[in-house]
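> Here's a structure for you.
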Amino acid sequence: MDRLYLDHNATTPTAPEVVDAMLPYLGTNFGNAGSVHSFGRDAKVALETAREEIASLVNADPSEIYFTSGGTESDNIAVYGTTLRLAKRRPHLIVGAAEHHAVLEPAEHLQKKHGLELDLLPVDRQCFSSVETLRRLLRDSTSLVSVMHANNEVGTVQDIAAMAQAAHERGALFHTDAVQTVGKLPIDVKAMDLDLMSFTAHKIYGPKGIGALFVRSGVKVDPLMLGGAQEKGRRPGTSNVAGAVGFAAALRLAARCCADDARRIGRLANNLMDQVTARIPETVIHSPRDHRLPQTVNLSFVGVEGEPVILQLDLEGIAISSGSACTSGATEPSHVLAAMGVERAVALGALRISLGRSTAEADVDRLLHVLPPIVERLRAMTSGTAGVR
Amino acid sequence: MSAQRGRVLVAMSGGVDSSVAALLLKEQGYEVIGAHMKLWDFVDVGGDIHRDGRCCTIDSITDCRFVCDAIDAPFYVLNLSAEFKETVIDNFVSEYRDGRTPNPCVRCNIDVKWDAFLDKATALGCDYIATGHYAIIEQNDEHRWVIRKGIDGTRDQSYVLWGLRQEALARTLMPLGSMTKKEVRALAEKYDLRTAAKPESREICFVADNDYRRFLSEFEAKRGRTFAPGPIVDPTGRVLGQHRGTAFYTIGQRKGLGIAHPTPLYVQEIDVSRNRVVVGCNDTLYHNTAEAENLNWLAFRAVEADFEAEVKIRYLHTPAPAIVRPLADNRVSIDFSDPQRAITPGQTVCFYDGNTLLGGGILSSQT
Numbered sequence: 000m001d002r003l004y005l006d007h008n009a010t011t012p013t014a015p016e017v018v019d020a021m022l023p024y025l026g027t028n029f030g031n032a033g034s035v036h037s038f039g040r041d042a043k044v045a046l047e048t049a050r051e052e053i054a055s056l057v058n059a060d061p062s063e064i065y066f067t068s069g070g071t072e073s074d075n076i077a078v079y080g081t082t083l084r085l086a087k088r089r090p091h092l093i094v095g096a097a098e099h100h101a102v103l104e105p106a107e108h109l110q111k112k113h114g115l116e117l118d119l120l121p122v123d124r125q126c127f128s129s130v131e132t133l134r135r136l137l138r139d140s141t142s143l144v145s146v147m148h149a150n151n152e153v154g155t156v157q158d159i160a161a162m163a164q165a166a167h168e169r170g171a172l173f174h175t176d177a178v179q180t181v182g183k184l185p186i187d188v189k190a191m192d193l194d195l196m197s198f199t200a201h202k203i204y205g206p207k208g209i210g211a212l213f214v215r216s217g218v219k220v221d222p223l224m225l226g227g228a229q230e231k232g233r234r235p236g237t238s239n240v241a242g243a244v245g246f247a248a249a250l251r252l253a254a255r256c257c258a259d260d261a262r263r264i265g266r267l268a269n270n271l272m273d274q275v276t277a278r279i280p281e282t283v284i285h286s287p288r289d290h291r292l293p294q295t296v297n298l299s300f301v302g303v304e305g306e307p308v309i310l311q312l313d314l315e316g317i318a319i320s321s322g323s324a325c326t327s328g329a330t331e332p333s334h335v336l337a338a339m340g341v342e343r344a345v346a347l348g349a350l351r352i353s354l355g356r357s358t359a360e361a362d363v364d365r366l367l368h369v370l371p372p373i374v375e376r377l378r379a380m381t382s383g384t385a386g387v388r
Numbered sequence: 000m001s002a003q004r005g006r007v008l009v010a011m012s013g014g015v016d017s018s019v020a021a022l023l024l025k026e027q028g029y030e031v032i033g034a035h036m037k038l039w040d041f042v043d044v045g046g047d048i049h050r051d052g053r054c055c056t057i058d059s060i061t062d063c064r065f066v067c068d069a070i071d072a073p074f075y076v077l078n079l080s081a082e083f084k085e086t087v088i089d090n091f092v093s094e095y096r097d098g099r100t101p102n103p104c105v106r107c108n109i110d111v112k113w114d115a116f117l118d119k120a121t122a123l124g125c126d127y128i129a130t131g132h133y134a135i136i137e138q139n140d141e142h143r144w145v146i147r148k149g150i151d152g153t154r155d156q157s158y159v160l161w162g163l164r165q166e167a168l169a170r171t172l173m174p175l176g177s178m179t180k181k182e183v184r185a186l187a188e189k190y191d192l193r194t195a196a197k198p199e200s201r202e203i204c205f206v207a208d209n210d211y212r213r214f215l216s217e218f219e220a221k222r223g224r225t226f227a228p229g230p231i232v233d234p235t236g237r238v239l240g241q242h243r244g245t246a247f248y249t250i251g252q253r254k255g256l257g258i259a260h261p262t263p264l265y266v267q268e269i270d271v272s273r274n275r276v277v278v279g280c281n282d283t284l285y286h287n288t289a290e291a292e293n294l295n296w297l298a299f300r301a302v303e304a305d306f307e308a309e310v311k312i313r314y315l316h317t318p319a320p321a322i323v324r325p326l327a328d329n330r331v332s333i334d335f336s337d338p339q340r341a342i343t344p345g346q347t348v349c350f351y352d353g354n355t356l357l358g359g360g361i362l363s364s365q366t
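Pasting the structure below:
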């Protein structure tokens, strides 16, 4: 059976060019970038070259790029590393209500365990937050505002530059989780006026286990881990040279085909939304039509739970998800859809289909062919046919 | 993908039995899908999170994954914790509060495995569900689905299966019923299944430390509820000591009464309405008759006349001959030929004709 991967917001297949770029650093060039000898020097040059490339692709200075293990770690450093050191003067922070848990949970932990004051920036039915609301929530004591660039579950792209400006007007720092957008949408940390930005390699056809945190020059961030001088002490630990090289290669590749990909994939995804809505009655689309991470389609079929649809598609070789892979297996509906005000029963039916670079029209057609009968059968199924009560 | 014999969802605990059940069905030509039911979380039930190897822990799920990978079957974790909490755990607590001693595994079978899980199987397009129970499902002459004891006498699990309805039995496969545990382990070893040497787990899965009193206290404390202490009395009403709450006692219990007495004392009655625990000597635990309710019959539609059966009143009880008489409201009275020790309200009662399970119910009283 030919398998079809439509879960690119969870992760992406590593591009062959990326693998090729990494291989020398998993083999002959194995040195520790911190070593003084020739092995170390080779590794260090590769690491710093990767940093420079990555920096230039988001319009940052290389000294502003810190390598981490990925999006979650970058988010954690951004949230803890700034707010705690400012806590005395600025004990308040604001994070988006539909943020990834890598931002939400640290924020809630800061509130519970460190007594910081937390406000959640609400989202509307399409997951947009308003800059006006943000302005109302901002205080002179706000240390950090963190709002993700594109939501991983529904794909909503926020007006980050306007929010950063609002935060700066009150002297607060602005962080964005751009894990879903770097390499897919144009990113310019200077034009967007960002202080901190989390991003990662594996969402853009790079390897897992490597990510980065952009920290604008002059912004102070405390480390979460101690024990080494790597990444200027802000993220100690032996450098992941092969990962960094792969990350740079993936971003290079993305920069080349980013615009074309976005247009093509956006058309496919819009067509998917239209066709599903036309073929399956009572389809609710949660993703916005515009200002959307083009590849993302989040929808529910009223009266149908998401899980059996996903499992049946898996049995047909088609991979989609219910939302974030980081929370799958939970019975509670997605916190993103809850924050958007989606009714619980409908939210439990949420399906996230995320297309990618290799997705062809025929792939969308295959999904459109398989999906209607599955939904129809599940709707026809009467529950409670077994056991005694 | 071969599906000549249909698609089957195998309930996998992570133990050797369900692993071998999946393996056998695969060999027999079924399209096997493995599924682990996630029923509870340590956060909700308390206990020692570091004790591993049990059902519903990550280690068990990993074991299931490896077994399914080895037999080339898809594997899913199905979260049924809401259903489990609403039916099994809440019932477990309320039964103890009502002075009864529940069989949570029986409730789980009726309300979760052969209800919610079966629904999940239907939703996945499965023709059958399968489990690793040591019991045999077959149709009798009247075309009714009945359960026979597994051939491994020491492993027979028919006692926990009395609650299954005909429609559920018609869609259930139990491939281990005609095997011995030894054969099952040998097969697991032959196929190098990583669960081959896993030890048995026979305690209540969500009471990981096997201390149901600790569980009840903690579970209720989280909801702001407590247990009322009261007197322990002898059959004449003389107060001998204090109990911590009637829920912490079960009929036949001797240990933990905290009473110094020249002869051994046993709990013979739990009187919730007067908040008393009545104790007596061993002889007072024996009764000739009992009543049962909430009956489910496998071998026939309903009981119309008295019949003889061998009656089993707890998991490790040897079935005893008795006359079963129908009463109103889906109840029966049971007259044992010989008095039986510690007939316990809340416990499962099963009625057998030789190796065939005729039906079962819940003991409501001893008389």
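Residue numbers (numbering that gives the first Met the number 0), protein chains in the order written: chain R, 0 to 388; chain D, 0 to 366. Virtual Cβ for every residue (Gly too), placed ideally from N, Cα, C.
Evaluate residue 315 of chain D with the Cβ neighbour count: other Cβ atoms within 10 Å of its Cβ, from every protein chain shown; 16 or more gives buried, anything less gives exposed.
Taking the second sequence and counting its residues from 1, the one referred to as residue 315 of chain D is at position 316. Exposed, because fewer than 16 other Cβ atoms sit within 10 Å of the Cβ of residue 315 of chain D.
> In whole angstroms, what separates the C-alpha of residue 382 of chain R from that of residue 304 of chain R?
Here residue 382 of chain R corresponds to residue number 383 of the first sequence, with the count starting at 1. Here residue 304 of chain R corresponds to residue number 305 of the first sequence, with the count starting at 1. Residue placement at residue 382 of chain R cannot be trusted, given a pLDDT of 44 that sits under 50; what the coordinates show is reported in the next sentence. Answer to the nearest angstrom: the Cα atoms are 12 Å apart.
> Flag residue 240 of chain D as yes if its beta-carbon sits less than 8 Å from any beta-carbon of chain R, otherwise no.
Indexing the second sequence from 1 puts residue 240 of chain D at position 241. Closer than 8 Å: no.
> Rank D:158, D:125, D:134 and D:167 by C-alpha distance to the C-alpha of residue 143 of chain D and give the top, closest one.
Taking the second sequence and counting its residues from 1, the one referred to as residue 143 of chain D is at position 144. Among D:158, D:125, D:134 and D:167, the Cα nearest to that of residue 143 of chain D is on D:167.
> Starting from residue 6 of chain R, find everything on chain D with Cβ-Cβ shorter than 9 Å and list it in chain order.
Residue numbering aside, residue 6 of chain R sits at position 7 when the first sequence is read from its first letter. When 9 Å is used as the limit between beta carbons, residue 6 of chain R is near no residue of chain D, the shortest such separation being about 15 Å.
> Is residue 0 of chain R buried or exposed, if buried means 16 or more other CB atoms sit within 10 Å of its CB?
As a first step, residue 0 of chain R must be located in the first sequence, where it is residue number 1. Classification of residue 0 of chain R: exposed, given that the 10 Å Cβ count is below 16.
> Alpha carbon to alpha carbon, how far is residue 230 of chain R from residue 345 of chain R?
Looking up residue 230 of chain R in the first sequence gives position 231. Looking up residue 345 of chain R in the first sequence gives position 346. C-alpha separation (whole angstroms): 45 Å.
> Do residue 152 of chain R and residue 335 of chain R have their C-beta atoms within less than 8 Å of each other?
Walking along the first sequence from the start, residue 152 of chain R turns up at place 153. Walking along the first sequence from the start, residue 335 of chain R turns up at place 336. Contact: yes.
> Could you list which residues in chain R have their beta carbon closer than 7 Å to that of residue 122 of chain D, in chain order?
Start at 1 with the first residue of the second sequence, and residue 122 of chain D comes out as number 123. Per Cβ cutoff of 7 Å: 307, 377 and 380.
> Out of R:49, R:10 and R:6, point me to the one whose CA is closest to residue 204 of chain R's CA.
Counting from one through the first sequence, the residue named residue 204 of chain R turns up at place 205. Checked all of R:49, R:10 and R:6; the closest Cα to residue 204 of chain R is R:10.
> According to DSSP, is residue 204 of chain D helix, strand or coil?
Within the second sequence, residue 204 of chain D is the residue found at index 205, counting from 1. Here residue 204 of chain D sits in coil by DSSP.
> In the DSSP output, what is residue 419 of chain D paired with across the bridge?
One cannot answer for residue 419 of chain D here, as it falls past the ends of chain D, which runs 0 to 366.
> Can you name, in chain order, every residue of its own chain whose Cβ lies under 7 Å from the Cβ of residue 16 of chain R, other than the five neighbours on each side?
Within the first sequence, the letter at position 17 stands for residue 16 of chain R. For residue 16 of chain R, where only same-chain residues beyond five positions count, the Cβ hits under 7 Å are 248 and 252.
> Taking the alpha-carbon positions, what's the residue 44 of chain D to residue 243 of chain D distance?
Working through the second sequence from its first residue, we reach residue 44 of chain D at position 45. Working through the second sequence from its first residue, we reach residue 243 of chain D at position 244. Whole-angstrom Cα-Cα distance: 21 Å.
> Check whether the segment 27-42 of chain R and the segment 171-184 of chain R are in contact - that is, three or more C-beta pairs closer than 8 Å.
no
> Measuring CB to CB, does residue 294 of chain D end up less than 8 Å from residue 358 of chain D?
Taking the first residue of the second sequence as position 1, residue 294 of chain D is located at position 295. Taking the first residue of the second sequence as position 1, residue 358 of chain D is located at position 359. In contact: residue 294 of chain D and residue 358 of chain D (Cβ atoms closer than 8 Å).
> Which parts of the segment 57-109 of chain D are runs of the beta strand (DSSP E), unbroken and 3 residues or longer, counting only runs that do not cross its ends?
74-78
> Express the C-alpha separation of residue 157 of chain R and residue 191 of chain R in angstroms, rounding to a whole number.
For this step, residue 191 of chain R is matched to residue 192 along the first sequence. For this step, residue 157 of chain R is matched to residue 158 along the first sequence. Going by the C-alpha atoms only, they are around 12 Å apart.
> For chain R, find out if any of its Cβ atoms is closer than 8 Å to the Cβ of residue 103 of chain D; answer yes or no.
As a first step, residue 103 of chain D is located in the second sequence; it is residue number 104 there, counting from the start. Output row for residue 103 of chain D: interface = no.
> Identify each residue in the segment 63-91 of chain D for which the Cβ-Cβ distance to at least one residue of chain R is less than 8 Å, and report them in chain order.
73, 75, 76, 77, 78, 80 and 81
> Of all Cβ atoms in chain D, is any one closer than 8 Å to the Cβ of residue 3 of chain R?
Residue numbering aside, residue 3 of chain R sits at position 4 when the first sequence is read from its first letter. No, no contact with chain D.
> Counting only the same chain and skipping the five closest in sequence on each side, list residues whose C-beta sits under 7 Å from that of residue 283 of chain D.
As a first step, residue 283 of chain D must be located in the second sequence, where it is residue number 284. If the five residues before and after residue 283 of chain D are omitted, its C-beta is found closer than 7 Å to the C-beta atoms of 234 and 267, all from its own chain and listed in chain order.
> Pull the bridge partners of residue 317 of chain D from the DSSP assignment, please.
Taking the first residue of the second sequence as position 1, residue 317 of chain D is located at position 318. Residue 317 of chain D pairs with nothing; no bridge assigned.
> If residue 95 of chain R sits next to residue 130 of chain R, beta carbons under 8 Å apart, how far is it from one beta carbon to the other, in whole angstroms?
Reading the first sequence from its first residue, position 96 is the one you call residue 95 of chain R. Reading the first sequence from its first residue, position 131 is the one you call residue 130 of chain R. Contact between residue 95 of chain R and residue 130 of chain R does not hold, since the beta-carbon distance rounds to 12 Å and is not under 8 Å.
> What residues in its chain sit with their C-beta under 8 Å from that of residue 256 of chain R, if we drop five residues either side in the sequence?
Within the first sequence, numbered from 1, the residue matching residue 256 of chain R stands at position 257. Cβ within range, chain order: 356.
> Is any beta-carbon of chain D found at less than 8 Å from that of residue 314 of chain R?
Within the first sequence, numbered from 1, the residue matching residue 314 of chain R stands at position 315. It does: the Cβ of residue 314 of chain R has a partner Cβ on chain D nearer than 8 Å.
> Which one or two residues does DSSP pair with residue 339 of chain D in a beta bridge?
What you label residue 339 of chain D is simply residue 340 of the second sequence in a count that begins at 1. D:286, per the DSSP bridge assignment.
> Is the Cβ of residue 311 of chain R closer than 8 Å to any Cβ of chain D?
Locating residue 311 of chain R in the first sequence gives position 312, counting from the first residue. It does; some Cβ of chain D falls within 8 Å.
> If residue 235 of chain R and residue 228 of chain R are in contact, beta carbons under 8 Å, what's the gap, nearest whole angstrom?
Within the first sequence, residue 235 of chain R is the residue found at index 236, counting from 1. Within the first sequence, residue 228 of chain R is the residue found at index 229, counting from 1. Indeed they touch by this definition, with Cβ atoms about 7 Å apart.
> Hey, residue 57 of chain R and residue 186 of chain R are a contact pair by Cβ (cut 8 Å); roughly how many whole angstroms apart?
As a working mapping, residue 57 of chain R is identified with position 58 in the first sequence. As a working mapping, residue 186 of chain R is identified with position 187 in the first sequence. Sure, about 5 Å apart at Cβ, within 8 Å.
> Taking residue 28 of chain R as the reference, give the member of R:18, R:42 and R:34 with the closest Cα.
Counting from one through the first sequence, the residue named residue 28 of chain R turns up at place 29. When only C-alpha atoms are compared, the closest one is R:42.
> Over what stretch of residues does the alpha helix (DSSP H) that includes residue 305 of chain R continue unbroken?
Reading the first sequence from its first residue, position 306 is the one you call residue 305 of chain R. Its alpha helix (DSSP H) spans residues 305-314.
> Closest by CA to residue 69 of chain R, which one among R:197, R:341 and R:282?
Locating residue 69 of chain R in the first sequence gives position 70, counting from the first residue. That would be R:197, whose Cα lies nearest to the Cα of residue 69 of chain R.
> Closest by CA to residue 258 of chain R, which one among R:239, R:297 and R:184?
Counted from its first residue, the first sequence places residue 258 of chain R at position 259. The shortest Cα separation from residue 258 of chain R among R:239, R:297 and R:184 belongs to R:184.
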